[in-house]
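Only one structure is covered here, and it is reproduced in the block below.
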Amino acid sequence: GLLRPVPPFSRPLLWSGVRDLLTPAGTGPDESAHSFARRRFGAEVADVAVDSLCRGVFAGDSRTLSVRSCFPALFRAERRRGSVLLGLALG
């Protein structure tokens with residue numbers, strides 16, 4: 011959960027949210043879904059959650075799928091507010 015590790019994650023998910031709030035927004039025109047998630051939330055979230063989501067929904071590899079095309083709301087949220095969480099919460 012938020013305060014305790016839940017398998018398959020080794021750390022509480024709260025740390026991933028804190029990381030998102032402290033990481034500067036990207037400046038490039040696009041990046042892979044995996045790269046975006048790794049930069050914003052950490053390697054574990056990118057490797058486990060985002061890669062599984064991309065394989066299940068898009069039948070593709072998160073390292074080759076575009077975050078701008080596959081997850082436009084997340085991409086816009088980061089660019090608008092500097093954080094995915096703030097962007098989604100504040101619109």
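For the sequence shown, the numbering used here assigns the number 11 to the initial residue and increments by one for each residue that follows.
The beta-carbon is built from N, C-alpha and C at its ideal position, and this holds for glycine as well.
Predicted model, so just to flag it, every value in this text is computed and none were measured.
- The three-state secondary structure of residue 72, taken from DSSP, is coil.
- Per DSSP, the continuous alpha helix (DSSP H) segment holding residue 26 begins and ends at 24-32.
- In this structure, residue 87 lies near residue 96, with their beta-carbon atoms less than 9 Å apart.
- In the structure shown, residue 20 adopts coil according to DSSP, grouped into three states.
- In this structure, 50 is the residue among 60, 46, 50, 41 with its C-alpha nearest to the C-alpha of residue 25.
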